[in-house]
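Per my numbering: the sequence shown = residues 374 to 518.
All C-beta atoms, glycine included, are put in the ideal place defined by N, C-alpha and C.
Keep in mind the model is a prediction, meaning the values are calculated, not measured.
Comments concern the structure below.
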Amino acid sequence: MKNLYITLTLILYSISTTAQMDYRSYENLRSEEQALSVDNTTISYTADVLSEENFSYRSFLRSAKESNVNYPIGEESFSKADLTKLLRRTAKKSANSSEFNLNLTNRNPGLTAYFSQRQTDSLYKKFKKATVNQYMVNLANNWDY
């Protein structure tokens, strides 16, 4: 009888602990989903840019001009083409991804709230890739004397 009592106590304790842990993970997942639903359109824009293996600014801008999607960021609302042009101009003016992030913050403080640091770094690389300045830097780095 004593062994039965100890066994039942241990089983109830383990079930209670497991249920509490499951509830915590459920709450964390739910709060992350709510945060994602707020800026879902901006995430779709970022996914469109980052999913392209060979990103071409011109072809992306061409398709963006045909799109009617608007992205409410901060106090402003950007069309897909306007957001693409803004990111390209900012990338051209920036020497690295931290300067890119700083220039985005200066342009519209709400922009950095919508892009994570990793996304900002990736967006910088995608939009900077085909600029004349980047071409010159690559040419100078690969120059054989």
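{"Asked": "Alpha helix (DSSP H) runs wholly inside the region 433–468, at least 4 long, in chain order", "Found": "453–466"}
{"Asked": "Residue range of the unbroken alpha helix (DSSP H) whose run includes F500", "Found": "490–501"}
{"Asked": "Closest by C-alpha distance to S452, when choosing among N443, L460, L459, K458", "Found": "N443"}
{"Asked": "For A420 and Q407, the rounded distance between their alpha carbons", "Found": "Any reading at Q407 needs caution, since the residue's pLDDT is 45, under 50, leaving its predicted position unreliable; the model's value is listed next. Going by the C-alpha atoms only, they are around 18 Å apart."}
{"Asked": "Same chain only: Cβ atoms within 8 Å of K498, ignoring 5 sequence neighbours per side", "Found": "S470"}
{"Asked": "First and last residue of the uninterrupted alpha helix (DSSP H) at F428", "Found": "Unbroken run through F428: none, as it is neither H nor E."}
{"Asked": "Selected residue, minimal CA-CA separation from S432, among R491, T457, L383, W516", "Found": "T457"}
{"Asked": "Expected contact under 8 Å - CB spacing of T463 and R480 to nearest Å", "Found": "7 Å"}
{"Asked": "Residue environment, I379, which counts as buried when at least 16 other CB atoms sit within 10 Å", "Found": "exposed"}
{"Asked": "Integer-rounded CB distance, given that L496 should sit under 8 Å from L460", "Found": "6 Å"}
{"Asked": "N- and C-terminal bounds of the alpha helix (DSSP H) containing N479", "Found": "470–480"}
{"Asked": "Span separating the alpha-carbon of F473 from that of L484", "Found": "11 Å"}
{"Asked": "Own chain partners of L434 with C-beta closer than 6 Å, once the 5 adjacent residues on each side are dropped", "Found": "T457"}
{"Asked": "Alpha carbon of M374 to alpha carbon of L381, nearest angstrom", "Found": "11 Å"}
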